[in-house]
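Following: one structure in structure tokens, then a few remarks.
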Amino acid sequence: MSQESMNVNMIEAARDAQWDPVRFLGADYLRLIAPAKVNLFLGIGATRPDGRHSATTVMQALLLHDTLYMNVKCEAWQMPEDGTLPSWQAIGGPADNVLVTLDVVDKGTPLPLQGDASDNLVFRAVDALCREVASDQPMQVNIRLEKSIPHQAGLGGGSSDAAAALVGMAKKLGIAPNGQRVQSVAQQLGTDVAFFLEGGAALLDGAGEQLVRTLSPLKAPIVLVKPAGGVSTAAAYHTFDEAPEAVPAELLQQAESAEDAEAVPLFNNLTAPAEQLLPEIAEVRAFLEADSATTGCLLSGSGAAVFAITESAADALRLAAEAGKRGWWARATSGSPLRARAMG
Numbered sequence: 001m002s003q004e005s006m007n008v009n010m011i012e013a014a015r016d017a018q019w020d021p022v023r024f025l026g027a028d029y030l031r032l033i034a035p036a037k038v039n040l041f042l043g044i045g046a047t048r049p050d051g052r053h054s055a056t057t058v059m060q061a062l063l064l065h066d067t068l069y070m071n072v073k074c075e076a077w078q079m080p081e082d083g084t085l086p087s088w089q090a091i092g093g094p095a096d097n098v099l100v101t102l103d104v105v106d107k108g109t110p111l112p113l114q115g116d117a118s119d120n121l122v123f124r125a126v127d128a129l130c131r132e133v134a135s136d137q138p139m140q141v142n143i144r145l146e147k148s149i150p151h152q153a154g155l156g157g158g159s160s161d162a163a164a165a166l167v168g169m170a171k172k173l174g175i176a177p178n179g180q181r182v183q184s185v186a187q188q189l190g191t192d193v194a195f196f197l198e199g200g201a202a203l204l205d206g207a208g209e210q211l212v213r214t215l216s217p218l219k220a221p222i223v224l225v226k227p228a229g230g231v232s233t234a235a236a237y238h239t240f241d242e243a244p245e246a247v248p249a250e251l252l253q254q255a256e257s258a259e260d261a262e263a264v265p266l267f268n269n270l271t272a273p274a275e276q277l278l279p280e281i282a283e284v285r286a287f288l289e290a291d292s293a294t295t296g297c298l299l300s301g302s303g304a305a306v307f308a309i310t311e312s313a314a315d316a317l318r319l320a321a322e323a324g325k326r327g328w329w330a331r332a333t334s335g336s337p338l339r340a341r342a343m344g
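Residues in the sequence shown are numbered consecutively from 1, following our numbering.
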């Protein structure tokens with residue numbers, strides 16, 4: 001790292017240490033938790049008439065999480081004189097009445113985070129829920145998103161952040177955080193958003209978007225390891241289509257009939273495509289599988305993070321430290337019943 005980069009990081013760290021939610025957001029702010037997930041089972045099937053793939057997956061929430069701080073002020077606001085907003089702001093709502101300010105803060109993730117607010121799933125969640133409830137009053141929504149879940153890792157960080165934003169906005173709008181309106185918006189947003197409103201462990205079917213039922217969650221220690229770079233989900237599916245791997249019928253039946261997450265067989269037929277796109281994933285997987293404390297190991301989603309279930313929390317911590325020495329992002333965590341929710 002260059003001296004200039006180190007100086008910038010130190011300045012940012014100093015600013016971050018001084019940040020206080022009451023000072024910057026007001027006393028009525030909400031603190032929201034957005035957990036990561038792994039896919040214990042991911043079976044991609046044939047392409048459907050709508051162009052999407054059929055899929056069966058079992059998702060398991062983790063203790064690792066992002067944190068959102070949110071405040072909503074029902075106050076008028078004005079566009080800048082030149083009509084241009086900075087990249088960290090975006091306008092939404094049914095009458096272009098909602099100004100969202102999104103501050104994304106790095107809490108140890110390996111890739112750059114701050115892009116245009118309008119492209120972030122958090123903004124899309126706020127915008128969609130305001131449209132769902134036809135809320136046309138002027139609002140200023142201020143959000144600080146502290147990222148601990150890396151991007152392009154298959155850990156569901158963006159979807160979980162969106163679910164947490166839905167919970168926060170529902171509370172501020174006076175509607176049920178897990179009610180039909182919020183669930184409807186979650187389904188519109190797609191991916192894993194609906195799962196994170198439930199948390200724990202769940203079986204999803206169709207194209208992975210229909211939550212079939214919940215399972216008793218896994219609470220075992222887990223280590224996550226991600227090499228540098230990421231895997232595009234679209235690229236992973238395209239590569240899969242070039243040489244599709246069928247889902248063994250016996251494993252599919254086990255996954256669909258399991259009552260608890262511990263009984264779910266570890267399987268992911270996007271592993272080969274992901275490793276073709278990012279060969280270092282195979283190195284990570286080999287590293288984890290070679291350790292005697294690993295009781296199960298699998299790529300999560302389309303990658304690029306690999307998770308290993310370990311015999312003890314101490315083993316997870318040890319493997320995370322060893323992976324870090326190899327230059328990989330790594331975290332020790334565990335399975336959890338956690339869901340996207342507001343905290344006290």
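In this text, a Cβ means the ideal position worked out from N, Cα and C, and glycines have one as well.
Check	Outcome
Over what stretch of residues does the alpha helix (DSSP H) that includes Thr109 continue unbroken?	Here Thr109 belongs to no alpha helix (DSSP H), and DSSP marks it neither H nor E.
Which value, in whole angstroms, describes the spacing of the CA atoms of Asn7 and Gly115?	Low confidence applies here, because Asn7 scores a pLDDT of 45, under 50, leaving its location unreliable; read the following figure in that light. Rounded to the nearest angstrom, the two C-alpha atoms are 22 Å apart.
Pick out the complete beta strand (DSSP E) segments inside the region 34-74, 3 residues or longer, and give them in chain order.	53-73
Phe123 and Ser160 - do their beta-carbons sit closer together than 7 Å?	no
On the three-state DSSP scale, how would you describe Thr101?	strand
How long is the line joining the alpha carbons of Ser216 and Ala323, rounded to whole angstroms?	30 Å
Which ranges does the alpha helix (DSSP H) cover as unbroken runs of at least 4 residues, wholly within the region 216-250, from first to last along the chain?	233-242
Beta-carbon within less than 7 Å of Ala164's beta-carbon, same chain only, minus the 5 sequence neighbours each way: which residues are those?	Leu32, Ile33, Ala34, Leu68 and Ala340
I need the boundaries of the alpha helix (DSSP H) containing Glu198, first residue and last residue.	Val193 to Glu198
Please tell me whether Gly200 has its Cβ less than 7 Å away from any Cβ of chain B.	Looking at the structure shown, chain B is missing, and only one protein chain is on hand.
Cα-Cα, which of Thr101, Ala202 and Asn97 is closest to Val264?	Ala202
In chain order, what residues of the same chain lie with their CB nearer than 8 Å to the CB of Met59, ignoring the 5 residues before and after it?	Lys37, Val38, Asn39, Leu40, Gly156, Asp192, Phe195, Ala201, Ala202 and Leu204
Keeping to the same chain, check which residues put their C-beta closer than 6 Å to that of Val401; ignore five residues upstream and five downstream.	Residue 401 cannot be examined here, being either before or after the span of the chain that is shown, 1 to 344.
Locate the alpha helix (DSSP H) running through Glu132, then write down its first and last residues.	Leu121 to Glu132
Kindly indicate which residue of Ala153, Gly108 and Asp96 has the alpha-carbon position closest to the one of Val126.	Asp96
Let me make sure I understand the geometry here. Which of Glu275, Leu317, Glu311 and Arg318 has the alpha-carbon closest to that of Ser300?	Glu275
Return the Cβ separation of Thr233 and Ser184 in integer angstroms, given the expectation that the two are a contact with Cβ distance under 8 Å.	Contact doesn't hold; Cβ gap of about 23 Å is too wide.
Any contact between the region 139-153 and the region 62-82? By contact I mean 3 or more CB pairs, one from each, below 8 Å.	yes
Run through DSSP, which three-state label would Ile281 get?	helix
Hey, out of Gly335, Ile175, Trp328 and Leu64, whose CA is closest to Glu283's CA?	Trp328
Residues in its own chain within less than 7 Å of Asn120 by CB, not counting five upstream and five downstream?	Leu102
Note down the Cα distance separating Thr294 from Val223, rounded to an integer number of angstroms.	9 Å
Quick one: Cα of Leu218 to Cα of Glu262, how far?	6 Å
Looking only at C-alpha atoms, which of Leu270, Ser336, Ala316 and Leu298 sits nearest to Ala55?	Leu270
So the alpha helix (DSSP H) Val182 belongs to, where does it begin and stop?	Gln180 to Leu189
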